[in-house]
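Contents: one structure, followed by commentary.
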Amino acid sequence: MQKYVDREILAGVSTAVLVGQDVVHQQCVGWADKENNIPLRDDHLFRIFSNTKLITSIAILLLMDDGKLSLHDPVEQYLPELGNRRVLKANATSLDDTEPARSSITIRQLFNHTSGLSYGLLDHGSMMYKAYNERKVLNAFQTLEEMITVLAPLPLSFHPGTAWQYSIATDVLSRIVEVVSGRNFEQFIRLRILNPLGMDDTSFVVPEHKLDRLTAYYGGADPENILKRGLRRLEKSPYPGAFVTPVPRLSGGGGLVSSMHDMLALMRSLMPGGDALLKPDTLHLMMQNHLPQGTGISFPGIGDVPGKGFGYGGAVTLTPSSIDPSGSTGEFEWGGIAGTHWWINPRHGIAGVLMTQRLMSFWHPFSFDFKRAAYQAIGVTS
228 MQKYVDREIL AGVSTAVLVG QDVVHQQCVG WADKENNIPL RDDHLFRIFS NTKLITSIAI
288 LLLMDDGKLS LHDPVEQYLP ELGNRRVLKA NATSLDDTEP ARSSITIRQL FNHTSGLSYG
348 LLDHGSMMYK AYNERKVLNA FQTLEEMITV LAPLPLSFHP GTAWQYSIAT DVLSRIVEVV
408 SGRNFEQFIR LRILNPLGMD DTSFVVPEHK LDRLTAYYGG ADPENILKRG LRRLEKSPYP
468 GAFVTPVPRL SGGGGLVSSM HDMLALMRSL MPGGDALLKP DTLHLMMQNH LPQGTGISFP
528 GIGDVPGKGF GYGGAVTLTP SSIDPSGSTG EFEWGGIAGT HWWINPRHGI AGVLMTQRLM
588 SFWHPFSFDF KRAAYQAIGV TS
């Protein structure tokens, strides 16, 4: 990872590898704050953005294990406003050019991003991107309940269960956690996940006494060239006061700050021999591919991601691609938009975590370099 720091692609990066419950590698290189020459340490805090989705997924699965919900339940059972969906027709030119949805959205479809919901985040220039941004669906200053009200009149991009599109669905799941549990989302995850695992550094807001541990956030010199040298510091991203000032939105899709210590605790809970929160069968189910036959994952600007399915909270490697480790079949993985990544391979009993802070660095070469090096060092080849 040092080469990415030397080339000014990353300011600093923290990595760790688990074999079973044992940490066999942990290292920090570079800076937590490049301008002020503060070296990156193991106790620094990171904006984990979509790594939050793993915690939300565990929350829903805990409620399933409790018998409080089923993955086949229609969303309107908990959020009536999202029933009776309408779907954009093929080649629609306006939001009114719709037809009735053939079926309800299920919790399972929210999990694996086949619900038809959009995000307004990556698909720049699309009709749904414009609609989500005009209506401020991702508005941090609205509650999850208010978010559902904003979503209610918007059509789906496709009929539930027929395609894959990364979406705001995990935030919808976090609202379902609130409805089913009777607690706000933060209270639930603290009671059932964060406190039991000792994840004391994971929160929606960095408290004042920990602000000196929050890493600086950077963007690349050229958004169109992810390997161009140079970094620019981001002071107000994704909005002024983000992660240091309380806001109403407890985003289960991207709202948490965490540390390497806490992410390792979370990984251990999903590995054999750990402090498991979920039933063994539920853990197994979580890490399987649940996409319909012939459906894969794809991102605007990147295109199809070969050999990947999707489970409950992350992608599943069905066939390793040219940039995956050769032994990564069955791997369960995801990351955040600022470059925090985790992966678990239940077949080999290994896991890894990478933490950095560079905007738009999900699915970036550095994370695959780390993963390939880890597999090679452990001796996993097939």
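Here this note's numbering is used: the first residue of the sequence shown is 228, the next is one more, and so on. Idealized CB from N, CA, C, for every residue including glycine. Being a predicted model, the structure only gives us computed values, none of them experimental.
Per-residue DSSP class, three states only, for residue i
i: residue 336; result: helix
i: residue 525; result: strand
i: residue 248; result: coil
i: residue 445; result: strand
i: residue 543; result: strand
i: residue 272; result: strand
i: residue 440; result: helix
i: residue 459; result: strand
i: residue 598; result: helix
i: residue 453; result: coil
i: residue 537; result: strand
i: residue 286; result: helix
i: residue 520; result: coil
i: residue 593; result: helix
i: residue 296; result: coil
i: residue 572; result: strand
i: residue 225; result: Limits of the chain in this structure are 228 at one end and 609 at the other, which puts residue 225 out of reach.
i: residue 259; result: strand
i: residue 620; result: Within the shown structure, residues of the chain are numbered from 228 to 609, placing residue 620 beyond reach of any answer.
i: residue 392; result: coil
i: residue 605; result: helix
i: residue 614; result: As shown, the chain starts at 228 and ends at 609. That puts residue 614 outside it, with no answer to give.
Anticipated Cβ contact below 8 Å, residue i with residue j, distance rounded
i: residue 514; j: residue 573; result: 6 Å
i: residue 347; j: residue 332; result: So it is not a contact: roughly 18 Å between Cβ atoms.
i: residue 459; j: residue 443; result: Not a contact, Cβ separation roughly 11 Å.
i: residue 238; j: residue 258; result: 5 Å
i: residue 559; j: residue 543; result: 6 Å
i: residue 561; j: residue 281; result: 7 Å
i: residue 378; j: residue 309; result: 7 Å
i: residue 399; j: residue 295; result: 17 Å between Cβ atoms; not a contact.
i: residue 433; j: residue 441; result: 5 Å
i: residue 605; j: residue 246; result: 6 Å
Residue range of the alpha helix (DSSP H) that includes residue i
i: residue 373; result: 371 to 378
i: residue 357; result: 354 to 361
i: residue 233; result: 229 to 233
i: residue 489; result: 487 to 496
i: residue 578; result: That residue, residue 578, is in no alpha helix (DSSP H); its beta strand (DSSP E) goes 577 to 582.
i: residue 509; result: 507 to 513
C-beta neighbour in chain D for residue i, strict 8 Å
i: residue 402; result: The chain labelled as chain D is not found in the depicted structure, where only one protein chain is given.
Limits of the beta strand (DSSP E) - the one that residue i falls within
i: residue 306; result: Element bounds for residue 306: n/a, residue is neither H nor E.
i: residue 236; result: Element bounds for residue 236: n/a, residue is neither H nor E.
i: residue 471; result: That residue, residue 471, is in no beta strand (DSSP E); it is neither H nor E in DSSP.
i: residue 327; result: 325 to 327
i: residue 480; result: Taken as a continuous stretch (DSSP letters only), residue 480 belongs to no beta strand (DSSP E), as it is neither H nor E.
i: residue 560; result: 559 to 562
i: residue 532; result: 530 to 532
i: residue 315; result: 313 to 315
Contact test: residue i Cβ vs the ligand ATP heavy atom, cutoff 7 Å
i: residue 397; result: Of ligands this structure carries none, so the ligand ATP is not represented either.
Touching by the beta-carbon criterion (3+ pairs, under 8 Å), the segment 353 to 367 and the segment 413 to 420: The segment 353 to 367 vs the segment 413 to 420: no contact.
Contained alpha helix (DSSP H) runs [length at least 4] in the segment 394 to 425, N- to C-terminal order: 396 to 408 and 412 to 416
Decide if the segment 501 to 513 is in contact with the segment 369 to 379; the criterion is three or more beta carbon pairs, one per stretch, under 8 Å apart. The answer is no - the segment 369 to 379 does not touch the segment 501 to 513, with fewer than three Cβ pairs under 8 Å.
Just checking, does the segment 261 to 274 make contact with the segment 485 to 492 on the three C-beta pairs under 8 Å criterion? Yes, the segment 261 to 274 is in contact with the segment 485 to 492.
With three or more beta-carbon pairs closer than 8 Å as the criterion, would you say the segment 528 to 543 touches the segment 582 to 589? Too few Cβ pairs lie closer than 8 Å, so no.
Do three or more CB pairs link the segment 397 to 417 to the segment 320 to 338 at distances below 8 Å? yes
Closer than 8 Å is the cut-off here; do at least three beta carbon pairs connect the segment 449 to 459 with the segment 382 to 393? no
Would you check if there are 3 or more beta carbon pairs closer than 8 Å linking the segment 514 to 524 to the segment 532 to 545? The segment 514 to 524, when compared against the segment 532 to 545, does touch it at the 8 Å Cβ threshold.
Does the segment 253 to 268 come close enough to the segment 596 to 604 to have 3 or more Cβ pairs within less than 8 Å? no
Does the segment 291 to 305 come within contact of the segment 348 to 363, defined as at least 3 CB pairs closer than 8 Å? no
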